[in-house]
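Encoded as structure tokens, the structure appears first; notes follow it.
Protein chains: 2
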Amino acid sequence: MVKSWATSADGNRSDPPRNAGLRAALGVDLHLEPAGHGVRRGLTDALREAVRGGRLAPGTRLPSSRTLSADLGIARNTVADAYADLVAEGWLTARQGSGTRVAERAAEPAAEPRRRRPRERHRPAYDLIPGTPDLASFPRAEWLRAARRALAHAPHEALGYGDPRGRVELRTALAGYLSRARGVHADPDRVLICSGFLHGLMLIATVLRERGVRSLAVESYGLDVHWDVLERAGLRGVPLPFDERGTRTEELDAGAAGQRPDTGLSGVGAVLLTPAHQFPMGVPLRPGRRSAVVDWARRTGGLIVEDDYDGEFRYDRQPVGALQGLGPDQVVYIGTASKSLAPGLRLGWMVLPPSLVPEAVAAKGRADWSCGVLDQLTLAEFLTSGAYDRHVRAVRLRYRRRRDALVEALAARAPEVHATGIAAGLHAVLELPSGTEQSVVRAAAWRGLAVHGLTRFRHPDSVAAHRDALVVGYGTPPDSAWSGVLDALCQALP
Amino acid sequence: MVKSWATSADGNRSDPPRNAGLRAALGVDLHLEPAGHGVRRGLTDALREAVRGGRLAPGTRLPSSRTLSADLGIARNTVADAYADLVAEGWLTARQGSGTRVAERAAEPAAEPRRRRPRERHRPAYDLIPGTPDLASFPRAEWLRAARRALAHAPHEALGYGDPRGRVELRTALAGYLSRARGVHADPDRVLICSGFLHGLMLIATVLRERGVRSLAVESYGLDVHWDVLERAGLRGVPLPFDERGTRTEELDAGAAGQRPDTGLSGVGAVLLTPAHQFPMGVPLRPGRRSAVVDWARRTGGLIVEDDYDGEFRYDRQPVGALQGLGPDQVVYIGTASKSLAPGLRLGWMVLPPSLVPEAVAAKGRADWSCGVLDQLTLAEFLTSGAYDRHVRAVRLRYRRRRDALVEALAARAPEVHATGIAAGLHAVLELPSGTEQSVVRAAAWRGLAVHGLTRFRHPDSVAAHRDALVVGYGTPPDSAWSGVLDALCQALP
């Protein structure tokens, strides 16, 4: 058994605290396991072994001889001698001003970690897959300013484990914002912070399953990752029919009344919808169908899960507030910062019907699935200072210009291709002649564009008529590339 | 059905983009649902309803009449008139320089959200429950500086959905740090970022369950939240015996050999340990027992989960590196920033045996359980710049002073109470005369101290002899209060 030592900041009890504090401030921690050949040789061997084996990476700065000697409780000269030996052997380098470091290429080749470098063939030059906003427009400087203000005012207890619902500052700011900007009936006690839509959906699916719900209506078009989450939670997804005017929520009633038991809708206890901007088809849920689904939920005790994934981005004057405003006791509203700021923040929010709050909070708390408080506090400050509104309005203009350029390019160069779903959001649907979808996707890939056909978003059990179309996300490519992307896209179209 | 409008930043296409950008920058979003009584009255009614119903909270700033008129595509005077009407009615206030706002107490009493104010009786003045560090020493200014540097250098793609393992910058920085400071064999490909120990434990429990493992050995003393997580994942926790020298890992072999099938240890496929500093008893796992558990894992294919919850905080020279260094293919190492920085960051890390990487990454990715990238990038910068070492060494000195003061106070004023487990960590165990634990906990509570007895940390199935003791966390109270806390604690002791 190797005898082992570790370093610590406080090796020498007789040091006055001031010196100890200074040393602590200057030092770095180093764990060593010297073998027992006398102090100097043991230290030298242990250091050499740590370097040789790759545990201390090339370039790693070692503690000063003063620090390490104090940590280990041995003479400073002994440490200095050991360092000098290893410099002489080529394991370490010593340079005035940068201290003693592990030499570059000191590790033996076999010990170097092998990095897999995945060879990506045909990596597309531009990404038109919907779902990611323009990451270059994340307001870094504004965000840092908000972080500074938020941290300056946060109480110490904000940095602790905290409330599973999320920080009260953020829940309060969101309740105000969602109420004002999206017509949501919200109060901070019913807001639950989550790390994105999928997290929120998982929590709701868990609660529904615990309540005995076994199936849930979904839209004919959507994202398979959502359907997968529901399935893993034990909920069967039953697609609602879809027509030219959108999702036929009135079929829930037909299902509930048992008129068409063959649709599978008669037993559903909940429905997942994208009412403001159907994903990916782009139509808003019509007023009559909004009422129909809320009425269904009221009458049957069903739950509506509203995915307001791009509610901030609307380009025409036709208003589409949150469905939740029509039925705050029937709707779980879920929104995120993933489109409006950046997915990397991993911040989302749910507004829950009062009756669902205890179960959803318990499900979240049980899983210790909390979001970092610093980003929560920063987003709260970002919202209350007005920076969020300013940012959303600025990027909305940028996206609208991209959309306008897309529509104009199509009109000029591919007039037979009709763009729909363009009144809002970060993507458009380009309707294609029947039977051409796959060849257009391939032609686009050949021109360096990653783009999905509509088929990929169609629920496998959907009875909706098959349509050929492209789903074109315009959030991701940089502004400077957009006209080139449009050229390539138009060339790929039939 | 109410006809509804929404505002948007781009109402007037004929505006030159520069003006539109300016308006966008100054504006806020407001969702309105005016009823159809002519433009001015419709707008006035909708605004009044939004204020009356509480949707627009007192103090909310409304868009300027210029912004709202552009958004709605109506004359600016119409908006100004509607605002003036509502100011006259008392719903809004207008003040030079602060714009138009919702009047304080404008909402009708019935519409005000009722906030529950939980009455907390006997809320203790000081918290000695272990688990939370001194939140006042979180290095706010240093952290913000690191965040600024990190964001300045982050590529745009860092802000996207990203790798379920976590950001490569952080995985690389942690591999270097853990290798240097904790003796862990790490390379970035085997590091998985998680949001805390419990998250890491859940992921491992999920993987173990999928591999067919049904039971797992735990220590006789530990945290019930950990046991609960295992149980919810479908794993039965079987306590290992505990003696004066710590957890008897050699019993795993006895169990594996079928010598004592009555212990329940014969079938376990994994073991959860706190080798550096048993929680809460405070003893390190002895060298022979470290070897024994690694040998058991090698021979049986079992997995060791190492909870290195306070590995950074060691006050004596006896080194206790990570157990993982003895068996990188057998041990899942889990550490967090919760003790060294703050739990609110929700950042932890796992170093996985190579064979476990694909399954653990899949389990994490499936759940979309990612941590915010900004904190990840900041922690990476914090580690590589040396700020993490400086911080750990500085707080280690503070904690050591608290510990020394605790030991001195006990020696002077309660000499019959022996403190153990004090060589490391943020808590100590005070051994009490038999039968006094509950009365001491009550006496401490009476003096304003929240403190737990050892009984609460004992596994319900443990066969360890019952001991009376207090588990005293010294991380939480502020420095200034510490001597007063010690006074109260000594008075509560027998």
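Chains as they are written, first to last, in the numbering used here: chain Z, 1 to 494; chain A, 495 to 988.
Glycine included, each C-beta is placed from N, C-alpha and C at the ideal position.
- By the criterion of at least three beta-carbon pairs nearer than 8 Å, the region 673-687 of chain A is in contact with the region 808-822 of chain A.
- Contacts between Glu-651 of chain A and chain Z, judged by CB atoms closer than 7 Å, involve Leu-135 in chain order.
- For the pair Leu-252 of chain Z and Leu-235 of chain Z, the CB atoms are not nearer than the 8 Å cut-off.
- In this chain, the beta strand (DSSP E) harbouring His-921 of chain A covers 921-925.
- Chain-order list of chain Z residues neighbouring Leu-839 of chain A: Leu-159, Gly-372, Val-373, Leu-374, by C-beta distance under 9 Å.
- Contact between the region 723-743 of chain A and the region 827-837 of chain A is absent: fewer than three C-beta pairs spanning the two stretches fall below 8 Å.
- The contact set of Ala-125 of chain Z on chain A, defined by CB atoms closer than 9 Å, is empty, because the minimum CB distance reaches about 14 Å.
- Counting only the Cα atoms, Trp-790 of chain A lies some 21 Å from Glu-704 of chain A.
- Counting C-beta pairs with one atom in each stretch, the region 856-871 of chain A and the region 397-417 of chain Z have fewer than three that are closer than 8 Å, which means they do not touch.
- With the criterion set as a beta carbon lying under 8 Å from some beta carbon of chain Z, the members of the region 675-707 of chain A are Ala-675, Arg-676, Gly-677, His-679, Asp-681, Pro-682, Asp-683, Ser-689, Gly-690, Leu-692, His-693, Met-696, in sequence order.
- Interface flag for Val-392 of chain Z against chain A is set, since a Cβ pair is found closer than 8 Å.
- Going by DSSP, Pro-239 of chain Z is part of no alpha helix (DSSP H) but of the beta strand (DSSP E) stretching over 236-239.
- Taking a Cβ-Cβ cut-off of 7 Å, the neighbours of Leu-645 of chain A in chain Z comprise Arg-140, Leu-144, given in sequence order.
- DSSP lists Z:Leu-192, Z:Ile-334 as the bridge partner or partners of Met-350 of chain Z.
- The shortest CA-to-CA distance from Asp-898 of chain A to any of A:Tyr-715, A:Leu-980, A:Ala-770 is the one to A:Leu-980.
- With a threshold of 16 other beta carbon atoms within 10 Å, His-647 of chain A falls short and is exposed.
- Straight-line measurement puts the Cα of Tyr-968 of chain A at about 6 Å from the Cα of Leu-920 of chain A.
- Distances from the CA of His-226 of chain Z to each of Z:Ala-46, Z:Pro-241, Z:Ile-204 were compared; the closest alpha carbon is that of Z:Ile-204.
- Counted as a single uninterrupted DSSP element, the beta strand (DSSP E) harbouring Leu-586 of chain A occupies residues 586-589.
- In the three-state DSSP reduction, Val-762 of chain A falls in the coil class, being neither helix nor strand.
- Secondary structure of Ile-129 of chain Z (DSSP, three-state): coil.
- Closest in C-alpha terms to Ala-748 of chain A, from the list A:Ala-711, A:Gly-842, A:Pro-848, A:Gly-915, comes A:Ala-711.
- The three-state reading of DSSP puts Tyr-893 of chain A in helix, counting H, G and I together.
- Contact check for Pro-188 of chain Z against Val-361 of chain Z fails: the beta carbons are separated by 8 Å or more.
- Interface flag for Arg-95 of chain Z against chain A is unset, since no Cβ pair is found closer than 8 Å.
- Residue-level contact check: Asp-718 of chain A does not touch chain Z, since none of the beta carbons of chain Z fall below 8 Å from its beta carbon.
- For Arg-165 of chain Z, the closest Cβ of chain A is not nearer than 8 Å.
- Our two residues, Ala-292 of chain Z and Arg-542 of chain A, have alpha carbons roughly 27 Å apart in a direct line.
- Sixteen is the threshold: when 16 or more other Cβ atoms of the shown chains lie within 10 Å of the Cβ of His-199 of chain Z, as they do, the residue is buried.
- Residue pairing of His-912 of chain A in beta bridges, as defined by DSSP: A:Glu-925.
- Using beta-carbon distances, Arg-642 of chain A counts as an interface residue toward chain Z, with a partner under 8 Å.
- The beta carbon of Thr-60 of chain Z sits closer than 8 Å to some beta carbon of chain A.
- Using a C-beta cut-off of 8 Å, the region 125-143 of chain Z makes no contact with the region 72-87 of chain Z, since fewer than three inter-stretch Cβ pairs fall below that distance.
- The alpha-carbon separation between Val-213 of chain Z and Pro-239 of chain Z amounts to approximately 16 Å.
- For a Cβ distance threshold of 8 Å, residue set Gly-654, Tyr-655 of chain A lies close to Thr-132 of chain Z, ordered along the chain.
- Under the Cβ criterion (8 Å, minimum of three pairs), the region 379-396 of chain Z does not count as touching the region 409-419 of chain Z.
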